[in-house]
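Participant: Sequence lines, in order, name chains A and B. Quick note, the first sequence lines up with residues 1 to 370 if you use the working numbering. Quick note, the second sequence lines up with residues 1001 to 1634 if you use the working numbering.
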Amino acid sequence: MRSNTSKWRILLRRIDWPLVVIVVALAGIGILNLSSASQASGGFNLHLTQTVWFLLGTGVVTVMCVFDYRVFERWAYLLYGGVLLLLVGVLVVGTELNGSQRWLNLGFFLMQPSELLKIGVILVAARYFHDREQAEPYRLRELVLPFSLVGAGIFLVVQQPDLGTSLVILIIFMTSVVFEGLHRSSIAALGLAALVAVPVGWTWGMHDYQRQRVKAFVNLTEDRYGASWQVRQSVIAFGSGRVWGKGHGEGTQIQKGFVPEHENDFIASNWGEEHGFAGMVLLLGLYGALIGRALTISRRARDTFGAHIGVGVAAFIFWHVLVNIGMVTGLVPVVGLTLPLLSYGGSSLLTTFIALGLLMNVSMRARPLH
Amino acid sequence: MNLSSQNSSGGTPGDSRYRWLYIAVAVAFAVLLGRLWYLQILQGETYHRVSTQNIVRNVEEDPPRGRIFDRNGVKLAGNRTAYDVVVVPHILRQHDVEEVVDRLRRHLNLTDQRVDDLRSSIANEDGDLTVRSDITRGQVAALETDKMYLPGVEVHSHAKRVYPLDEIVAHLVGFMGEVNQKELRNLRDVGYGPGDYIGRMGLEEAYEGVLRGAPGIDRQVVNARGISQGSEETRMMLGQLHEVEPMPGRDLVLNIDARLQLAVHRAMSSYPSGGAVALDPSDGSILAMYSKPSFNPNSWSGQLASHEKMEADNDPFKPMLDKTVNAYFPGSVFKIVGAWAGLDRAKFSPDEEVDCPGYYRFGGRRFRCWKWGGHGEVDMAEALQHSCDVYFYKLADEMGLEPLSEHAFRFGFGQRTGVSINQESKGRVPTREWHRRHSPNGYQPGFALNVVLGQGNTLATPLQVALAYGAVANGGTLWYPRIVDRIQTGEGRVLYDVEPKVRKKLSIEDAHLDVIRRGLRRAVNREEGTAYDARLEEIDVAGKTGTAQVHSIGEVRIQNRNKVFRLRDHAWFAAYAPAEDPEIVVAVFLEHAGHGGQEAGPVVKHIMETYFDPSNEAALARKVDGVSPRPEEP
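1. Do you know offhand how far T338/A's Cα is from D265/A's?
2. In terms of residues, what are the limits of the alpha helix (DSSP H) holding R365/A?
3. Between Q1415/B and chain A, is any beta-carbon pair separated by less than 8 angstroms?
4. How far does the alpha helix (DSSP H) with N1186/B in it extend, from its first residue to its last?
5. Please confirm whether Q1229/B and R1057/B have their CB atoms less than 8 angstroms apart.
6. Excluding the five sequence neighbours on either side, which residues of its own chain have a C-beta within less than 6 angstroms of the C-beta of M1247/B, listed in chain order?
7. Do H1386/B and T1477/B count as a contact pair if the criterion is CB distance below 8 angstroms?
8. Can you tell me which of I325/A, F305/A, G326/A and G330/A puts its alpha carbon nearest to the alpha carbon of R365/A?
9. Against chain A, which members of the region 1024-1037 of chain B pass a CB distance test of less than 9 angstroms?
10. Could you work out which residues of chain B lie near I291/A, taking near to mean beta carbons separated by less than 8 angstroms?
11. Between the C-alpha atoms of V1502/B and N1474/B, what's the straight-line distance to the nearest angstrom?
12. Less than 8 angstroms between the C-beta atoms of G1284/B and T1324/B, yes or no?
13. Going along chain B in order, which residues have a C-beta closer than 7 angstroms to the C-beta of G276/A?
14. List the residues of chain B that L86/A touches, going by C-beta distances under 7 angstroms, in chain order.
15. Do E273/A and G245/A count as a contact pair if the criterion is CB distance below 8 angstroms?
16. By a C-beta neighbour count over all protein chains shown, 10 Å radius and 16 as the cutoff for buried, is W8/A buried or exposed?
17. If you measure between the beta carbons of D1569/B and T1547/B, is that distance less than 8 angstroms?
18. Keeping to the same chain, check which residues put their C-beta closer than 7 angstroms to that of R1161/B; ignore five residues upstream and five downstream.
19. Taking only three categories from DSSP, how would you classify F1362/B?
20. Taking only runs of the beta strand (DSSP E) that begin and end inside the region 1447-1505 of chain B, which ones reach a length of at least 3 residues, in chain order?
21. Tell me whether I1286/B sits in a helix, a strand or coil according to DSSP, three-state version.
22. Look at the alpha carbon of A1224/B and the alpha carbon of V1050/B, and state the distance between them as a whole number of angstroms.
23. Hey, which unbroken runs of the beta strand (DSSP E) at 3 residues or more fall wholly within the region 158-207 of chain A?
24. Given a threshold of 16 other Cβ atoms within 10 Å of its Cβ, counted over all protein chains shown, does P1582/B qualify as buried or as exposed?
25. Can the beta-carbon of G310/A be found closer than 8 angstroms to that of A289/A?
26. Within the continuous beta strand (DSSP E) that includes D1355/B, where are the two ends?
27. Taking the alpha-carbon of L55/A as reference, which of F353/A, N361/A and V332/A has the nearest alpha-carbon?
28. What does the Cβ neighbour count give for W17/A, buried or exposed, with the cut at 16 atoms within 10 Å?
29. How about L1254/B and D1485/B: do their beta carbons lie closer than 8 angstroms?
30. List, in chain order, every chain B residue whose beta-carbon is nearer than 8 angstroms to that of V243/A.
31. Of the residues L1252/B, G1418/B and V1190/B, which one's Cα is nearest the Cα of N1072/B?
32. Does any residue of chain B bring its CB to less than 8 angstroms from the CB of S240/A?
33. R9/A by DSSP, collapsed to three states: which one?
34. Can you list the residues of chain B that Q253/A reaches, using a CB-CB cut of under 8 angstroms?
35. Pick out the complete beta strand (DSSP E) segments inside the region 1404-1449 of chain B, 3 residues or longer, and give them in chain order.
36. If the cut-off is 8 angstroms on Cβ atoms, which residues from the region 1140-1174 of chain B count as contacting chain A, listed in chain order?
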């Protein structure tokens, strides 16, 4: 009884306030930005719905922090197996939208298990490297188990099909592997595999609309009303924001419907047009701080499992931000990736909060509680 | 503290690995910020402009075209709103096509053929399609009522030119036609676009710049689908810049009297082809100007039925040719030139009598007088009265060609009158020089004998004849023809008054003028005069007939009515009245109609009667007022 109360006290004292401040700031920007996006989407109150998701997310983080994160270490492979089962379920009884089958209909909510796979991959890598504790760089043959597990997950996601998500899962995992250290011969082998995979993937692995996007990316102006139209309009939205932006709710590109998906994958256009370069510096600064905080937590973690969760969550945020901002400003092809904490949508938000919950947990338990 | 001990033990990540991660993140974020710097700072102004253009659509607003009125305010050309039904296939296709097509068929009485075309166009998703143009107001109302069930069907309105008097002032007023691709190349710079209309004939063509006005621009804020965001938002975002008002075209008020014009039309009703000009000799104002056969400018403006165009093209009477400014053999109406030349240059005494035996001997040939038996002894006035050819042969023989051509030029023949419409011909006054260049054997002395009769190579337009007789009537002043009296705004504010303008003073001696006038008066008022048929009971008319041969007489004289139509004589009559103080000059030309006195004389008489008889005028006023059955908007 007494020890229990003291445990709660210690946990409360260990709350990572820098992390909280950064996340609340990003969430605040997200809600503010969505209130402008709602106006453009014909008055749906997206920002209110999003607020509810933020509160739910806070609950998830709180609940996750109650248990020692090492519970996840123990259950990592089992949890991962559960996610794989959900992905199989998606292929069998999933809900189809716009030509791809990515969702499980839970009645009140369309769940997207491929989002959970991002967490699953972080856990699998953390568990595997935690178990090995190897000082020398890894060789590929020593990584057969995690590669097979992650490969199985990616295979299931590609079947939906969802190329963007499978790619980001692969690079999150690869970040962990590279962080842990790879033997030179293995790096060469992987590079060679990638060289082969690109033309093969282009010919057999990609769908027409995906090839179209890449082609459109190569020449932005050629297909004005097709695949690149969206990117072109997004680029105009950013550019026209100039230094200080057009003001909240005043972005003509967004408000007059020139940027499709502006409340979702293209949410950054909304912010960039209405708040300009200054707003974007603030936004990227906050993301940078979040990634930095995750790496700090990783560094201070009490064990390899915790350190890898820190790196994995940092990679998760980093790659989403890099690819998403790169794609909406025309630097990389459109692959359909959300911007964490800003894009509208429950699955993406809950996944982000699960990742943040793990991070907070690691931070709070950097030292033994007693 | 415990960090180092924990991490170093199992070879877990050390600081150097984190350093690489930090560097990677920093580099990546620098790239993103660099991109944003480029877009938002360096290219910011450019993209801002593009984003503004994105939401602004410029809609060109056509100005209302200027109207044309006669001197009493009778409308000769105006505008009304026409409604077209346009189908937008890509919208319609998203709905029940059959249902919509069926409704359209019922509302617009479409033929099965049209319905089939419509279906295939919708299926092929062609561009916007005009299903029917110029529908009735009833149809517009029916479509509006049914709007809910007609997705993708739009009613477009545009101004349509209307000519209430139909064919009565067709050549003078002109009509409108769509600009073609070739013209567009030059006209694009002055604001014409595909589908725009432009004046095609008469005043519509000559005063295009005045009548057209300048288009305005209506800027609207639109969204990505091109849908207008409403006037309030437009005003808020664009302020005063949102509209440039179109400048309406200017109205023309003519000197033409529609009632007189109608009188000419009716007087010429039994002749297939010809032209007539009536003018005020005191200032050159054109009172009527009519060419026959005419055409309906309402059919010619816009989409002409192909059979109508073909009929006009194949019509031997050339309905699209304005015969008032086209040149023909003038025949004996040209004799005033010979008379003046003889008096002025050859110092012919007007009282000297010439014996007319019915022919004149010249160079071993006999030049015939129109009267077989001859006129006996005639002086100059009598020669004009009887139109004695022999008198004028002798005149020409004695003075030669040169004085004739000189005085013809002085009367304004052989030069454009400056009327500025319908590509007027300048006619032809043959000179020695002209003959040297154009006659097979060069100039021959006998040519003067043909020219003096208005034959040979002499050509004159009815307008030239009317103006020359105007100069006789007013004592020697040749005026520029004046069709337009003033240019004014739609509200009636006068912008420009077209002042009468003297073309030249003839410098004709009063004594010479008196002789000519005496001859012209006798021609109408003496029983044996050639134009006795044209006399009026109460008003003294003076005039000269002309019967122009279209081919040489030869040895055998053939009755006119027995000739092939195109070889028949032209009938002319040019007259002014009252003879003492002339108010009106009328020149009538009837192509291949035969004898001037018998055919053209009565036509002029009818026109004069209308001009001078007030009761006739009232009757015509009713007629003119009743001519406009079409609804019209101001």
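Where is the CB? At the ideal position from N, CA and C, for every residue including glycine.
Facilitator: Reading it off the structure:
1. 5 angstroms
2. Premise fails: R365/A is in no alpha helix (DSSP H) and is neither H nor E.
3. no
4. Q1181 to L1187
5. no
6. P1063, G1213 and A1214
7. no
8. F305/A
9. A1024, V1025, A1026, A1028, F1029, V1031, L1032, L1033, R1035, L1036 and W1037
10. V1025
11. 12 angstroms
12. no
13. Q1040
14. Per Cβ cutoff of 7 angstroms: no residues; L86/A is ~31 angstroms from chain B at best.
15. yes
16. exposed
17. yes
18. R1065, A1077, N1079, M1176 and S1301
19. strand
20. 1477-1479, 1484-1488, 1494-1497 and 1502-1505
21. strand
22. 13 angstroms
23. none
24. buried
25. no
26. V1354 to C1356
27. F353/A
28. exposed
29. yes
30. Q1040, I1041 and G1044
31. L1252/B
32. yes
33. helix
34. S1051 and N1054
35. none
36. none
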